[in-house]
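Undergrad: Pasting in a structure now, in structure tokens, and then I'll have a few things to ask.
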Amino acid sequence: MTRDLLYDSAPVAHLEVDLDGLICRANNACASAFTCTASNLVGRPLISLFPDGPNGRDKAQHVLQGLGTEAEEVAFVRGDGSERWAQMFAWPVRTSDGLPQTIQILLLDITEQRRLHLELEGSEAHFRLLGDSAPIMLWIAGRDARCTSFNQRWLEFTGRSMEMEVGDGWLVSVHPEDLPGAMAAYLAAFADRRSFRMEYRLRRADGQYRWILDTGVPRYLPDGDFAGYIGSCIDVTDFKEAHEALRSLKGQLEERVQEAGEAIQARDEFLSIASHELRTPLSALVLQLAGLQHTLHATKVQSQNAKLVGKVDKAVKVTGRLTTLVDSLLDVSRIASGRLQLHPEACDLADVARDMVARDAEAARRAGCELRCHGEPPILGVWDRVRIEQILANLLSNAMKYGPGNPIEVTVAAAGETATIAVRDHGIGISQADAERIFGRFERAVSVRHYGGLGLGLYITRQIAEAHGGTIRVTSEPGAGALFVVELPRRCEPRAEPEPPRERAPR
Amino acid sequence: MSPGRVLVVEDNDDIREAVAESLEDAGYGVWLAANGAIAMNALRESTDLPFLILLDLMMPVMDGAQFLQEMRGDPRLSELPVVLVTADGSAVTRATALGTHGGLQKPVQLDDLLSTVAKYCQP
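As they're listed, the protein sequences go chains A and B. Sequential numbering of the first sequence, starting at 8, is according to the working numbering. Sequential numbering of the second sequence, starting at 194, is according to the working numbering.
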């Protein structure tokens, strides 16, 4: 009784078959497996439980014939007609003289395991198809960090077979210099099960080493178990070379920019020293010539002295022009080093303009320019008088230079807090494109062969205007003359300048 | 005895000579010194004093500002009129700042030089 209970409650289906192949006994598990009562099974041929065909009846026959030599996966049909799978074992029970008496059968339902297995196989095949058609190289490693699979693209790249590559085989293609580092990074990431990204050189089928960017991520089974890694590789050699070239280019560019900056600084320093050094003997010369001129004019002019006086007068004039040029250079070097300092004082702009027009009257007469000055005094303000004179001198000199034989009008005016200096000429004019750059350093709108000068006048003029907090602009058309307008706040507030370094003491 | 009317303290030989000759041509007596220290020695060793000192600011050994300080510490010299001659910023502003009688902007123009000196002495 107890044995029957044990037998019936066992979780494995058991059948006993007589030598004719008829079922003579079946337990409850058997009944539930086949969805029928045990008594329904007794007396039926065992074979009838299995459907026709190679997976069913044929396999069952095979197991019965083998008798205990092997187990097979066999398809069977349940009472409700559904097909299932079982692992089937069969062995004989023999009499004391060794003759088989009955055949014992165990059936283990493996339908679910089989389904999972098939699904897994299917997904692996799917993955392989996907991997082989991917344009990047892929690899898969198992839990032991050894590679189990590579896609077609990888094999084409290394020119080796899957058999050669799996396990540690692929490592022979890694550049010997990169191998230790790459392996260390790979194994370290593996131990922590974190993603990694590394670069190493991998030998291509043609023998050339190529830089590879290898990215690996841990992979997990649906139940969350760690299964190994999957990685993708791309050939970044071209990218790296381009990047390297770009970096070297950038380096060269920075070097050039620095060299250019140093050259500019050297030029500015030279300009500063040269203009200082030129100016000192020049001021002595001016004084000496003035003395000579004074002496000659003071003495009674005799006929043989007249020529001498004329020569000295010309020398004074030429020295004056030389002084203007050297002073321009000095101003530019001051501007370049931020040392253009204003010394504002109360003055009358109308007065300044009248003075300058009077000072240039002789030059204007020689240039054939009629010089007119408009402006009702007083136009009071606080400016650096010497620098405002310089603005007027520069604008007048340009007007005479580019518009000889034509009238020039100087107009000074004030409106509210702004005073205006306007110089109008009727000369060659400036195109709109050139108007943008004539206020730059060493710029000119015309050929240096036809018009001399350092190209500094308007640059200095703008710097002076801006140092006063003002502006300068030009309105012009080629051939239609030019109108230069300087606007100055009535009370200049000099831009904050750094404390000027003391000027170089002459040796 | 030399009149010793104007003392020119200037380190640049060309400018010093040009100023000196301009003044001499106009009839003034001129003393010359290449820096503040030489000028100070000359003043201390002389019984005669100039009517005016034309003082450059930037000079080696003893510059203009140091010279002024020494001069003002000497009761015999402290009241001497001084006119600055400088290229460093505005001569007038610097003169006001240093408490001198006036300032001449470099490069000096002959007319300015003569009219300034004429305020302190006659040839």
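Just so it is clear, CB atoms sit at the ideal spot from N, CA and C, and this is done for glycine as well. Just so it is clear, the structure is predicted and the values come from calculations on it, not from any experiment.
Within a Cβ cutoff of 7 Å, which residues of the same chain sit near Asp355 of chain A, ignoring the five residues on either side of it in sequence?
TA: Against the first sequence, residue 355 of chain A aligns to sequence position 348. So the list reads Pro384, Pro385, Ile386, Leu387, once near-sequence residues are dropped.
Undergrad: Please classify Asp65 of chain A as buried or exposed, where buried requires at least 16 other C-beta atoms within 10 Å of its C-beta.
TA: Against the first sequence, residue 65 of chain A aligns to sequence position 58. Exposed, since its Cβ has fewer than 16 Cβ neighbours within 10 Å.
Undergrad: Below 7 Å between beta carbons: does that hold for Leu277 of chain B and Arg287 of chain B?
TA: The sequence position of residue 277 of chain B within the second sequence is 84, counting from 1. The sequence position of residue 287 of chain B within the second sequence is 94, counting from 1. Contact: yes.
Undergrad: Give, in chain order, every residue of the stretch 372 to 387 of chain A whose Cβ lies closer than 8 Å to some Cβ of chain B.
TA: If the cut-off is 8 Å between Cβ atoms, the stretch 372 to 387 of chain A has nothing near chain B.
Undergrad: Taking the continuous beta strand (DSSP E) assigned at Ser483 of chain A, which residues delimit it?
TA: For the purposes of this step, residue 483 of chain A is taken as residue 476 along the first sequence, with counting starting at 1. Its beta strand (DSSP E) spans residues 478 to 483.
Undergrad: Look at the alpha carbon of Pro18 of chain A and the alpha carbon of Ala36 of chain A, and state the distance between them as a whole number of angstroms.
TA: Sequence index remark: in the first sequence, residue 18 of chain A carries index 11 (1-based). Sequence index remark: in the first sequence, residue 36 of chain A carries index 29 (1-based). So the alpha carbons of these two residues sit roughly 6 Å apart.
Undergrad: Considering only residues of the stretch 311 to 382 of chain A, which uninterrupted alpha helix (DSSP H) runs meet the minimum length of 4 residues and lie entirely inside it, listed in chain order?
TA: Runs of the alpha helix (DSSP H) inside the stretch 311 to 382 of chain A: 356 to 366, 368 to 374.
Undergrad: Which chain B residues sit within Cβ distance under 9 Å of Arg286 of chain A?
TA: On the first sequence, position 279 is the one that residue 286 of chain A refers to. Per Cβ cutoff of 9 Å: Ala280, Lys299, Pro300.
Undergrad: Can you have a look at Arg511 of chain A and say buried or exposed, based on whether 16 or more other CB atoms are within 10 angstroms of its CB?
TA: Position 504 of the first sequence, counted from the start, is the residue given in the question as residue 511 of chain A. The pLDDT assigned to Arg511 of chain A is 40, lower than 50, so where the model puts this residue is not dependable; a value taken from the coordinates is nonetheless given after this. Burial call: exposed.
Undergrad: Report the partner residues of Tyr216 of chain A according to the DSSP bridge assignment.
TA: Within the first sequence, the letter at position 209 stands for residue 216 of chain A. Note: Tyr216 of chain A sits in a beta bridge opposite A:Arg210.
Undergrad: With Pro300 of chain B and Tyr221 of chain B assumed to form a contact (beta carbons below 8 Å), what rounded beta-carbon distance in angstroms separates them?
TA: Against the second sequence, residue 300 of chain B aligns to sequence position 107. Against the second sequence, residue 221 of chain B aligns to sequence position 28. Incorrect: roughly 20 Å between the Cβ atoms, too far for contact.
Undergrad: When the Cα atoms are used, what is the spatial distance from Asp139 of chain A to Trp161 of chain A?
TA: Mapped onto the first sequence, residue 139 of chain A falls at position 132. Mapped onto the first sequence, residue 161 of chain A falls at position 154. Each residue's Cα considered, the two are about 9 Å apart.
Undergrad: Mind listing the chain A neighbours of Ala211 of chain B? Cutoff is C-beta to C-beta under 7 Å, in chain order.
TA: The count along the second sequence starts at 1 and reaches residue 211 of chain B at position 18. Simply Ala291, Leu294, Gln295.
Undergrad: Going along the chain, which residues of its own chain have a beta-carbon closer than 8 Å to the beta-carbon of Pro505 of chain A, five neighbours each way excluded?
TA: Position 498 of the first sequence, counting from 1, holds the residue named residue 505 of chain A. A caution first: Pro505 of chain A carries a pLDDT of 43, below 50, which makes its placement in the model unreliable, though a value can still be read off. Cβ neighbours of Pro505 of chain A beyond the five flanking positions: Gly345.
Undergrad: Would a C-beta distance cut-off of 7 Å place Gln94 of chain A and Val100 of chain A closer than the cut-off?
TA: Counting from 1 along the first sequence, the entry for residue 94 of chain A is found at position 87. Counting from 1 along the first sequence, the entry for residue 100 of chain A is found at position 93. No, the Cβ-Cβ distance between Gln94 of chain A and Val100 of chain A is not below 7 Å.
Undergrad: For chain A, find out if any of its Cβ atoms is closer than 7 Å to the Cβ of Leu225 of chain B; answer yes or no.
TA: Position 32 of the second sequence, counted from the start, is the residue given in the question as residue 225 of chain B. No, Leu225 of chain B lies away from the interface with chain A (no Cβ there is under 7 Å from its Cβ).
Undergrad: Could you work out which residue in A:Arg263, A:Val319, A:Cys43, A:Arg51 is closest to Gly88 of chain A when comparing CA atoms only?
TA: Position 81 of the first sequence, counted from the start, is the residue given in the question as residue 88 of chain A. Residue A:Cys43 is the option with its Cα nearest to Gly88 of chain A.
Undergrad: Do the stretch 477 to 485 of chain A and the stretch 441 to 452 of chain A touch if we need at least three Cβ pairs shorter than 8 Å?
TA: Counting Cβ pairs under 8 Å, three or more are found: they touch.
Undergrad: Anything in chain A within Cβ reach of Leu303 of chain B, meaning under 7 Å, just list it in chain order.
TA: The count along the second sequence starts at 1 and reaches residue 303 of chain B at position 110. What Leu303 of chain B touches in chain A: Leu294, Ala297, Gly298, His301.
Undergrad: With Tyr466 of chain A as the anchor, note down where its alpha helix (DSSP H) starts and where it stops.
TA: Position 459 of the first sequence, counted from the start, is the residue given in the question as residue 466 of chain A. Unbroken alpha helix (DSSP H) run through Tyr466 of chain A: 464 to 474.
Undergrad: Scan the stretch 303 to 333 of chain A for residues whose Cβ lies nearer than 8 Å to a Cβ of chain B and list them as they occur along the chain.
TA: Listed by position along the chain: Thr330.
Undergrad: If you measure beta-carbon to beta-carbon, which residues of the stretch 340 to 371 of chain A are closer than 7 Å to chain B?
TA: Going along the stretch 340 to 371 of chain A in chain order, one finds Gln348, His350 with a Cβ nearer than 7 Å to chain B.
Undergrad: Which residue from B:Met264, B:Asp207, B:Glu214, B:Ala311 puts its Cα closest to that of Arg237 of chain B?
TA: As a working note, residue 237 of chain B is residue 44 in the second sequence. The option with the nearest alpha carbon to Arg237 of chain B is B:Met264.
Undergrad: With respect to the alpha helix (DSSP H) encompassing Trp161 of chain A, which residues constitute its N-terminal and C-terminal limits?
TA: Counting from 1 along the first sequence, the entry for residue 161 of chain A is found at position 154. Counting along the chain, the alpha helix (DSSP H) containing Trp161 of chain A begins and ends at 159 to 165.
Undergrad: Leaving out the 5 sequence neighbours to the left and right, which residues in its chain are closer than 7 Å to Ser282 of chain A when beta-carbon positions are compared?
TA: In the first sequence, residue 282 of chain A corresponds to position 275, counting from 1. So the qualifying residues of the chain are Val333, Leu336, Leu337, Ser340.
Undergrad: Does the count of Cβ pairs from the stretch 291 to 310 of chain A and the stretch 421 to 437 of chain A closer than 8 Å reach three?
TA: Flag = no, the stretch 291 to 310 of chain A and the stretch 421 to 437 of chain A do not touch.
Undergrad: Determine whether the Cβ of Ile231 of chain B lies closer than 7 Å to any Cβ atom of chain A.
TA: Start at 1 with the first residue of the second sequence, and residue 231 of chain B comes out as number 38. False, the Cβ-Cβ gap to chain A never drops below 7 Å.
Undergrad: Going by the beta-carbon positions, is the gap between Arg135 of chain A and Gly235 of chain A smaller than 7 Å?
TA: Position 128 of the first sequence holds residue 135 of chain A. Position 228 of the first sequence holds residue 235 of chain A. No, the pair does not count as a contact, with Cβ atoms beyond the cut-off.
Undergrad: I believe Leu289 of chain A touches Thr330 of chain A by the beta-carbon criterion, under 8 Å. Please report the beta-carbon distance rounded to the nearest angstrom.
TA: Position 282 of the first sequence, counting from 1, holds the residue named residue 289 of chain A. Position 323 of the first sequence, counting from 1, holds the residue named residue 330 of chain A. So it is a contact: roughly 6 Å between Cβ atoms.
Undergrad: Using a C-beta cutoff of 7 Å, does Ser308 of chain B count as contacting chain A?
TA: Taking the first residue of the second sequence as 1, we reach residue 308 of chain B at position 115. No, its Cβ sits nowhere closer than 7 Å to a Cβ of chain A.
Undergrad: How about Asp249 of chain B: is its C-beta nearer than 7 Å to some C-beta of chain A?
TA: On the second sequence, position 56 is the one that residue 249 of chain B refers to. No, Asp249 of chain B lies away from the interface with chain A (no Cβ there is under 7 Å from its Cβ).
Undergrad: In chain order, what residues of the same chain lie with their CB nearer than 7 Å to the CB of Ala148 of chain A, ignoring the 5 residues before and after it?
TA: Taking the first sequence and counting its residues from 1, the one referred to as residue 148 of chain A is at position 141. Closer than 7 Å at Cβ, skipping near neighbours: Cys154, Thr155, Gly235, Tyr236.
Undergrad: So which of A:Glu352, A:Gly410, A:Gly382, A:Val393 has the shortest CA-CA distance to Ala370 of chain A?
TA: To locate residue 370 of chain A, count along the first sequence from 1; it is residue 363. Ala370 of chain A has its Cα closest to that of A:Gly410, out of A:Glu352, A:Gly410, A:Gly382, A:Val393.
Undergrad: Which whole-angstrom value describes the C-beta separation of Ala489 of chain A and Asp432 of chain A, a residue pair presumed to lie in contact below a C-beta threshold of 8 Å?
TA: Position 482 of the first sequence, counted from the first residue, corresponds to residue 489 of chain A. Position 425 of the first sequence, counted from the first residue, corresponds to residue 432 of chain A. That belief holds up - the Cβ atoms of Ala489 of chain A and Asp432 of chain A are roughly 6 Å apart, short of 8 Å.
Undergrad: In terms of residues, what are the limits of the beta strand (DSSP E) holding Gln580 of chain A?
TA: Given that chain A is displayed from residue 8 to residue 514, the structure contains no residue 580 of chain A and the question cannot be resolved.
Undergrad: Determine the contact status of Leu57 of chain A and Gly50 of chain A, defining contact as a CB-CB distance below 7 Å.
TA: Walking along the first sequence from the start, residue 57 of chain A turns up at place 50. Walking along the first sequence from the start, residue 50 of chain A turns up at place 43. According to the sequence displayed, residue 57 of chain A carries Phe and not Leu. It is not a contact, given that the beta carbons lie outside the stated cut-off.
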